[in-house]
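Following: one structure in structure tokens, then a few remarks.
Numbering (my numbering), first residue to last: -16 to 132.
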């Protein structure tokens, strides 16, 4: 059996997005880069509300060609919602926003629909990247750390 290539993340930015309309807590947006086996593979963006894991989080993963000659036309965005449910976090691929925010729009020209991604090698790679983000990005600890009921 061949070992899986190492997936590493690089935390590149975080910003406050203001108060959540539902609870008033501070909403956050973090982003970073992903390498698999030493090669640039993805960028990611996470949006969540501090202190309110019940609201879940939105993860967006940008996959495609990251070579120097590549443009946004060579990349696509996959969106996932995360919700805390017994026994823990549950991720579901959802339709990516066809009119994403500026950072994503600049990186990826193609927003993928759920049915385009589910049960594909893209889904397998995306979930492996999510595992790495979950375990390595300490900025998300407010959301990723389980709460005691």
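A virtual CB, placed ideally from N, CA and C, is assigned to each residue, including glycine.
Taking the Cα of residue 57 as reference, the smallest distance to any Cα among 91, 73, 1 and 128 is reached at 91. Secondary structure at residue 95: coil, using DSSP grouped into helix, strand and coil. The shortest CA-to-CA distance from residue 5 to any of 32, 97 and 73 is the one to 32. Looking at the DSSP output, residue 76 sits in a beta bridge with 63. Distances from the CA of residue 82 to each of 99, 60 and 29 were compared; the closest alpha carbon is that of 60.
Taking 9 Å as the cut-off, the beta carbon of residue 115 is found closer than this to the beta carbon of residue -8.
Under a 10 Å Cβ-count criterion, residue 20 is classified as exposed, with fewer than 16 other Cβ atoms of the shown protein chains found around its own Cβ. With a 10 Å radius around the Cβ and a threshold of 16 neighbouring Cβ atoms, residue 0 comes out exposed.
Per DSSP, the unbroken beta strand (DSSP E) holding residue 32 starts and ends at 22 to 32. Residues 61, 76, 106 and 109 of the same chain have their beta carbon placed closer than 8 Å to that of residue 100, with the five preceding and five following residues left out of the count. Distance from the CA atom of residue 39 to the CA atom of residue 22, rounded to whole angstroms, is 30 Å.
Within a 10 Å sphere around the beta-carbon of residue 15 sit 16 or more other beta-carbons, which makes this residue buried. Residue 84 counts as exposed, since fewer than 16 other C-beta atoms from the protein chains shown sit within 10 angstroms of its C-beta.
For residue 117, the enclosing alpha helix (DSSP H) starts and ends at 104 to 119.
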